[in-house]
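Visitor: Provided herewith is a single structure, encoded as structure tokens, for subsequent inquiry.
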Amino acid sequence: MRRLRFLLPALALLATLPGLFATSADAATCRGAHLKPSRAHAAAVRHATLCLLNRQRAAHGLRRLRSQPSLSTAATRYARLMVAQRFFDHVSPAGSTMSSRIQRTNYLKNTRSWSLGENIAWGASGQETPARIVKAWMHSAGHRANILNGAFREVGVGIALGAPNGGSGATYVNDFGRRA
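In our numbering, the protein residues as written are 3 to 182.
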């Protein structure tokens, strides 16, 4: 029997709340954690985001998440779509959901059961670094629950340049999963 669990919190990062987004000491140990996303730094920013997620999991005695290509594809496409169509939500204006986007990849092919979760965020004016995004997620109960969900084994990190409001910044999507 197929089982699908959704943990779909959303968070918009606002530059008007600087105290909440202070960086942590853990960020210093993840190379690229303080980089602003750019074409030149895309791989480093994705790697730093995964590193920071895994630092949080390790601090809570959880296994590391592995980067998974199909989840990364779904996450990246969705981050780009939110920027291009200027919306910020787990459901696209056309009605696609996290599960339908992931089902379009090969991630769920030949699986009997799975669990999925998604975190989205965007930041601008210095709030778009991996350190600040992960820190903000950890201050949000729903996002924190996804990051610290011991059932999840894999993640796709998607980052698009630009903000859903049409401004500069970066938009992040993390698609979490486990297949059985």
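Note that beta-carbon positions come from the ideal geometry of N, C-alpha and C, so glycine has one too.
1. For glycine 164, which of Ala138, Gln129 and Met140 has the nearest alpha-carbon?
2. Note down the Cα distance separating isoleucine 167 from alanine 153, rounded to an integer number of angstroms.
3. Buried or exposed for histidine 141, going by 16 or more other Cβ atoms inside 10 Å?
4. Buried or exposed: where does glutamine 87 fall if 16 or more other Cβ atoms within 10 Å of its Cβ makes it buried?
5. Let's test the definition: count the other Cβ atoms within 10 Å of the Cβ of asparagine 108 and tell me whether it reaches 16, buried, or not, exposed.
6. For the 8 Å Cβ check, are there 3 or more pairs between the region 88-96 and the region 47-63?
7. Within this structure, are the beta carbons of methionine 84 and aspartate 177 separated by less than 8 Å?
8. Note the first and the last residue of the continuous beta strand (DSSP E) segment covering tyrosine 174.
Guide: In brief:
1. Within the sequence shown, numbered from 1, the residue matching residue 164 stands at position 162. Of all alpha-carbon atoms in Ala138, Gln129 and Met140, the one lying nearest the alpha-carbon of glycine 164 is that of Gln129.
2. Within the sequence shown, the letter at position 165 stands for residue 167. Within the sequence shown, the letter at position 151 stands for residue 153. One point to set straight first is that residue 167 is asparagine, not isoleucine, in the sequence displayed. Going by C-alpha positions, asparagine 167 is about 33 Å away from alanine 153.
3. Within the sequence shown, numbered from 1, the residue matching residue 141 stands at position 139. Label assigned to histidine 141: exposed.
4. As a position in the sequence shown, residue 87 is number 85, starting the count at 1. Per the 10 Å Cβ criterion, exposed.
5. To locate residue 108, count along the sequence shown from 1; it is residue 106. So asparagine 108 counts as exposed.
6. Between the region 88-96 and the region 47-63, the count of C-beta pairs closer than 8 Å stays below three; the two stretches do not touch.
7. Counted from its first residue, the sequence shown places residue 84 at position 82. Counted from its first residue, the sequence shown places residue 177 at position 175. At the C-beta level, methionine 84 and aspartate 177 stay beyond 8 Å of one another.
8. On the sequence shown, residue 174 is found 172 positions in, with the first residue counted as 1. Its beta strand (DSSP E) spans residues 172-181.
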